[in-house]
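**Q** Can you read through this structure? Questions will come right after.
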Amino acid sequence: MPDEPIPFGRPQLDADEIEAVTRVLSGHTLVHGPVTAKFEKAFAARVGAEHAISVSSCTAGLQLSLLANEVGPGDEVLVPAMTHVATAHAVEWCGAKPVFVDVDPGSGNIAASGVKAALGSETRAVLVVHYLGLPCDMDAIRTASDAAGCPVIEDCALAVDARYGDRVAGTLGSTGCFSFYPVKHMTTIEGGMVTTNDDALAATIRQRRAFGYDRMLGQRRVTGVYDVTELGHNFRMNEVEAAVGLAQMAKLDAFQAARKANFDRLRAALADIEEVTVFEPVQGKAVSSHYCLNAILPEDGRVDRSRVLDRLKEAGIGFSVHYPVAVPLTTYYRKRYGFSPGKFPVAEWIASQSISLPVGPHVRPEDIDRIAEQLHDSIRHARS
Ligand SMILES: *Cc1c(COP(=O)(O)O)cnc(C)c1O
Numbered sequence: 000m001p002d003e004p005i006p007f008g009r010p011q012l013d014a015d016e017i018e019a020v021t022r023v024l025s026g027h028t029l030v031h032g033p034v035t036a037k038f039e040k041a042f043a044a045r046v047g048a049e050h051a052i053s054v055s056s057c058t059a060g061l062q063l064s065l066l067a068n069e070v071g072p073g074d075e076v077l078v079p080a081m082t083h084v085a086t087a088h089a090v091e092w093c094g095a096k097p098v099f100v101d102v103d104p105g106s107g108n109i110a111a112s113g114v115k116a117a118l119g120s121e122t123r124a125v126l127v128v129h130y131l132g133l134p135c136d137m138d139a140i141r142t143a144s145d146a147a148g149c150p151v152i153e154d155c156a157l158a159v160d161a162r163y164g165d166r167v168a169g170t171l172g173s174t175g176c177f178s179f180y181p182v183k184h185m186t187t188i189e190g191g192m193v194t195t196n197d198d199a200l201a202a203t204i205r206q207r208r209a210f211g212y213d214r215m216l217g218q219r220r221v222t223g224v225y226d227v228t229e230l231g232h233n234f235r236m237n238e239v240e241a242a243v244g245l246a247q248m249a250k251l252d253a254f255q256a257a258r259k260a261n262f263d264r265l266r267a268a269l270a271d272i273e274e275v276t277v278f279e280p281v282q283g284k285a286v287s288s289h290y291c292l293n294a295i296l297p298e299d300g301r302v303d304r305s306r307v308l309d310r311l312k313e314a315g316i317g318f319s320v321h322y323p324v325a326v327p328l329t330t331y332y333r334k335r336y337g338f339s340p341g342k343f344p345v346a347e348w349i350a351s352q353s354i355s356l357p358v359g360p361h362v363r364p365e366d367i368d369r370i371a372e373q374l375h376d377s378i379r380h381a382r383s
């Protein structure tokens, strides 16, 4: 019998989540309720932030963060060329222009030197992404952005518990935006969270995630009576999603320990493959959240990634690609801004030659050994 396939990601849900959801559905409060408030409090404590504001997705959180920092038409926002397209889309939806900066060949993160060079008079914010959980070089980035008076917004979609010195991702800039999509570190099905230590930003984000109401439901002196002072969205999280999130948080320590152990085991098992690059924390103070193990093949193409992927697929090894196109080279951004290949060489290398391997809590140590063996085998066959 062939071995069971190992998926890239699999949400870890059991009777705890089912019971928590049932409890919410048996009651009458489905939004604006106590479960969401409790989840926000628990998440703020985990990150060590003053405020955590639940939202409907990380993308919504990024857009609200930009709006709260008054980013709008005519403004530019620096964005890494290698990220989820959501990072750049959030800027576009504010009517601002994303200015793409190539990433560092040692980390996949936005290059601090590139940030410094790209900061200009129109730059309103710097949006950094901790690529696959590896923290950006925040000291160097903050030195440049602070000097220019630009806030830094962190895309922490894959960086739950990532650390930089004595601080946690989500507290390294003006706001941090997390994702609870099914295959991230933890899930609420769809959902996200914005963390910040800034009271004013928190108040604006709370208001603009819910239509721009001047008073939240519980604060209305006369029930049903409110005014609207801002152009808001409906970007709220509901009570069912928050109940799933709270149940997930109770297991998060175990999830993270499994990720790290799986990552370390796989890293060691791949150490002898000369053609594979794996990014490591470089600044001596960064700790990754080990979202996956990204194995990057040589830029010169002497190992053909498509042949490696075909063979892994045949062997039932799940994988993903983060991300398959440098964002400026996606059709939308090419058409809009006229980018062509060659301008973002590091992002283009990662897009064409990286393979994200699973290390999530659904993966057992014996699965890791199988993944390593199959990668060795696949690369052997894909050498030209
Ligand atoms: C998944 C992801 C997002 C989008 O998160 P959603 O919650 O699905 O909106 C944004 N940025 C990065 C880096 C991601 O990996």
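Note that numbering that gives the first Met the number 0 numbers the sequence shown so that position 59 is 58, with each residue one more than the last.
No residue lacks a Cβ here, since even glycine has one placed at the ideal position from N, Cα and C.
Quick caveat: nothing in here was measured; it's all calculated off a predicted structure.
What does a CB cutoff of less than 6 Å around residue 98 pick up in its chain, not counting 5 residues either side in sequence?
**A** Result list for residue 98: 75, 77 and 117, in chain order.
**Q** Please state the DSSP three-state secondary structure of residue 37.
**A** Three-state result, residue 37: helix.
**Q** How many Å lie between residue 172 and residue 254 at the Cα?
**A** Their Cα atoms are separated by approximately 26 Å.
**Q** Only counting the same chain, and skipping five residues up and downstream in sequence, which positions put a Cβ closer than 6 Å to that of residue 224?
**A** For residue 224, where only same-chain residues beyond five positions count, there are no Cβ hits under 6 Å.
**Q** Go to residue 50, then tell me how far its beta strand (DSSP E) extends in each direction, as first and last residue.
**A** Counting along the chain, the beta strand (DSSP E) containing residue 50 begins and ends at 50–54.
**Q** In terms of DSSP beta bridges, what is residue 354 paired with?
**A** Per DSSP, 294.
**Q** Could you check whether residue 287 and residue 161 sit closer than 8 Å to each other, using their CB atoms as the reference points?
**A** Against a cut-off of 8 Å, the Cβ pair of residue 287 and residue 161 comes out as a contact.
**Q** Mapping DSSP to helix, strand and coil, what is residue 144?
**A** Residue 144 falls in the helix class under three-state DSSP.
**Q** For a test of the three-state rule: what should DSSP assign to residue 126, helix, strand or coil?
**A** It is a strand residue.
**Q** For residue 37, I'd like the list of residues in its chain whose CB is within less than 8 Å of its CB, leaving aside the five on either flank, ordered along the chain.
**A** Only 241 and 245 meet the Cβ criterion.
**Q** Between which two residues does the alpha helix (DSSP H) carrying residue 334 extend?
**A** 330–336 is the extent of the alpha helix (DSSP H) around residue 334.
**Q** Checking 8 Å against the spacing of the C-beta atoms, do residue 211 and residue 231 come in under that value?
**A** Yes; because the gap between Cβ atoms is below 8 Å, this pair is in contact.
**Q** Just to confirm before moving on: does the CB-CB distance between residue 147 and residue 111 stay below 8 Å?
**A** It is not a contact, given that the beta carbons lie outside the stated cut-off.
**Q** With a threshold of 16 other CB atoms inside 10 Å of the CB of residue 237, please say whether the residue is buried or exposed.
**A** Buried: at least 16 other Cβ atoms inside 10 Å.
**Q** In whole angstroms, what is the alpha-carbon distance linking residue 325 and residue 12?
**A** Going by the C-alpha atoms only, they are around 33 Å apart.
**Q** Round the Cβ separation of residue 58 and residue 89 to the nearest angstrom and send it over; I've been treating them as touching at under 8 Å.
**A** Right, the Cβ-Cβ distance comes to about 6 Å (below 8 Å), so this counts as a contact.
**Q** Out of 227, 295 and 42, which has the shortest C-alpha to C-alpha gap to residue 270?
**A** Residue 295 is the option with its Cα nearest to residue 270.
**Q** Shorter than 7 Å, the distance from the beta carbon of residue 93 to the closest heavy atom of ligand 1, or not?
**A** No.
**Q** Check residue 316 in the structure and name its three-state DSSP category.
**A** Looking at residue 316 - three-state DSSP - the assignment turns out to be strand.
**Q** Give, in chain order, every unbroken run of the alpha helix (DSSP H) that is at least 4 residues long and sits entirely within the stretch 94–128.
**A** Counting whole runs of 4 or more residues, the stretch 94–128 contains the alpha helix (DSSP H) stretches 111–117.
**Q** Can you give the Cα-Cα distance for residue 370 and residue 290, rounded to whole angstroms?
**A** C-alpha separation (whole angstroms): 16 Å.
**Q** Using C-beta distances below 6 Å, list every residue in its chain close to residue 268, excluding the 5 sequence neighbours before and after it, in chain order.
**A** For residue 268, where only same-chain residues beyond five positions count, the Cβ hits under 6 Å are 371.
**Q** Taking residue 378 as the reference, which of 342, 274 and 52 has the closest Cα?
**A** Per the Cα distances, 274.
**Q** Less than 8 Å between the beta carbons of residue 114 and residue 140, yes or no?
**A** Contact flag set, yes.
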